[in-house]
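Read in numbering that gives the first Met the number 0, the sequence shown has 152 at position 153, and its numbers run on one by one without any break.
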Amino acid sequence: MHAPFFLALFFLITRTWAGGFQGALEKVLLYAAYEIDGLNEPSSRKLGFRCVTWIDKDDMCKDDEWEECKPKPPTDRTRCNFNELHVHMGKADPKWKVVAGEDQNTRTPDIKGTAININTLFTTPPRSKVPNTPPFKAMKTTSANYNKFILDVGEVVAASSKHKDATNQHLFDQFQSCLDQLKVARTGDHGPYLLEHARERLGKAKGMEIKTMDLGVNPVSDPPERWSTVDWAATSLAARKAGITDSDKLINDFRKKWYSDDRTAGQHHAVIKSFKRVDDMMGRWCR
Numbered sequence: 000m001h002a003p004f005f006l007a008l009f010f011l012i013t014r015t016w017a018g019g020f021q022g023a024l025e026k027v028l029l030y031a032a033y034e035i036d037g038l039n040e041p042s043s044r045k046l047g048f049r050c051v052t053w054i055d056k057d058d059m060c061k062d063d064e065w066e067e068c069k070p071k072p073p074t075d076r077t078r079c080n081f082n083e084l085h086v087h088m089g090k091a092d093p094k095w096k097v098v099a100g101e102d103q104n105t106r107t108p109d110i111k112g113t114a115i116n117i118n119t120l121f122t123t124p125p126r127s128k129v130p131n132t133p134p135f136k137a138m139k140t141t142s143a144n145y146n147k148f149i150l151d152v153g154e155v156v157a158a159s160s161k162h163k164d165a166t167n168q169h170l171f172d173q174f175q176s177c178l179d180q181l182k183v184a185r186t187g188d189h190g191p192y193l194l195e196h197a198r199e200r201l202g203k204a205k206g207m208e209i210k211t212m213d214l215g216v217n218p219v220s221d222p223p224e225r226w227s228t229v230d231w232a233a234t235s236l237a238a239r240k241a242g243i244t245d246s247d248k249l250i251n252d253f254r255k256k257w258y259s260d261d262r263t264a265g266q267h268h269a270v271i272k273s274f275k276r277v278d279d280m281m282g283r284w285c286r
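This is the structure:
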């Protein structure tokens, strides 16, 4: 993936796993992975299954009993469309037409438009936020751990790349494009939180000028707001030019202390690293 972007992403701390526009994008990403998994033999598929009875205390599916998503009749399709998959996983209203545009059966829905629709539908009262998708409601899994879920989805896509050819390249392109947009959304959504702490602990306390990176407009902000986050490379360079020769050490110390002092920060840093690992998988196997 692109090194400068991931340098910024690596330092980012998120407050939530999903929710908002980034949570909506994760649902689009999951459908893209589901379509790719459909290239495998039916007996080998993992996505689009929900556990009948999940046992939280044991972190396992009782009797290893899974229900596969099936398209709503009458139809000639053998696989669920976007709407059906998310109804199967729970929380989505069966009456919703979530996909942007007229074709609700498209295998590669418009990513941004569909994510905006998801966000709108889930935040319209009486609903209030885009919900997380429990791993065991989306795929055959051995854990409810979200980081494992992210990696498992990536591994399904990477392993399925052996079936990639000119007729299905668009499915892999869809997954990668969605992954790229998701990373920008996560970075932009939580940029203000990162900037606040960096300005306090490195700016005021250490005299460093915190440089920012513009990431574009948040598609669901009203009024429109631009996303931004810390540009760590530019910040470190400016600090060195200003005579702060140990800027890299100060930045690393800030990160280390923040991660150790803030339990939430440490947990969600792991989520960011999981998405980075998925992107690394795509680089090795799917491009």
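Beta carbons are placed, not taken as given, at the ideal position from N, Cα and C, and that holds for glycine.
Everything numeric in this text was worked out from a predicted model, so none of it was measured.
Query raised in the report: Going by the beta-carbon positions, is the gap between residue 60 and residue 110 smaller than 8 Å?
Result: No, Cβ-Cβ distance for residue 60 and residue 110 is not below 8 Å.
Requested in this report: Have a look at residue 45 and residue 231 and give me their C-alpha separation to the nearest angstrom.
Outcome: Taking the straight line joining both Cα atoms gives about 39 Å.
Query raised in the report: Based on the DSSP secondary-structure assignment, which residues constitute the bridge partners of residue 54?
Result: Residue 54 has 59 as its beta-bridge partners, per DSSP.
Query raised in the report: What number of angstroms, rounded off, separates the C-alpha of residue 188 from the C-alpha of residue 217?
Result: Their backbone Cα atoms lie some 8 Å apart in a straight line.
Query raised in the report: CA-CA distance, residue 9 and residue 235?
Result: Because residue 9 carries a pLDDT of 39, less than 50, the predicted location of this residue cannot be relied on, and the following value inherits that uncertainty. The straight-line gap from Cα to Cα measures roughly 15 Å.
Query raised in the report: Should residue 277 be labelled buried (16 or more other beta-carbon atoms within 10 Å of its own) or exposed?
Result: Of the residues assessed, residue 277 falls on the buried side of the cut-off, its CB having 16 or more other CB atoms within 10 angstroms.
Query raised in the report: Along the chain, which unbroken stretches of the beta strand (DSSP E) at least 3 residues long are found entirely within the segment 41–116?
Result: Restricting attention to beta strand (DSSP E) runs no shorter than 3 residues, the segment 41–116 encloses them at 48–50, 65–67, ordered along the chain.
Query raised in the report: Which residue from 215, 229, 183, 220 puts its Cα closest to that of residue 199?
Result: Its Cα nearest to that of residue 199, the residue 229 stands out among 215, 229, 183, 220.
Report task. Starting from residue 216, follow its DSSP beta bridges and name the residues at the other end. Result -> For residue 216, which the question treats as bridged, DSSP gives the partners 225.
**Report entry** Whole-angstrom C-beta distance between residue 81 and residue 67, which should lie under 8 Å
**Finding:** Actually they are not in contact, since the Cβ atoms of residue 67 and residue 81 sit about 16 Å apart, beyond 8 Å.
**Report entry** Which of helix, strand or coil DSSP assigns to residue 253
**Finding:** Judged by DSSP in its simplified three-state form, residue 253 adopts helix.
Query raised in the report: Beta carbon of residue 135, beta carbon of residue 79: below 8 Å?
Result: It is not a contact, given that the beta carbons lie outside the stated cut-off.
Query raised in the report: Would you say residue 212 and residue 246 are within 8 Å of each other, going by their C-beta atoms?
Result: Against a cut-off of 8 Å, the Cβ pair of residue 246 and residue 212 comes out as no contact.
Query raised in the report: With a CB to CB cut of under 6 Å and the five nearest residues on each side skipped, what residues in its chain are close to residue 197?
Result: Hits under 6 Å: 209, 229.
Query raised in the report: Does DSSP put residue 186 in a helix, in a strand, or in coil?
Result: For residue 186, the three-state secondary structure derived from DSSP is helix.
Requested in this report: Return the bridge partner residues of residue 138 from the DSSP annotation.
Outcome: Answer is 46.
Query raised in the report: Looking only at its own chain, which residues have a Cβ that is under 8 Å from the Cβ of residue 202, when we skip the five neighbours before and after it?
Result: Within the same chain, and ignoring the five residues on either side of residue 202 in sequence, the residues whose Cβ sits closer than 8 Å to its Cβ are 208, 209.
Query - Buried/exposed call for residue 169, threshold 16 Cβ in 10 Å - result: Label assigned to residue 169: exposed.
Query raised in the report: When you compare only the Cα positions, how much space is there between residue 90 and residue 130?
Result: When only Cα atoms are considered, residue 90 and residue 130 end up about 8 Å apart.
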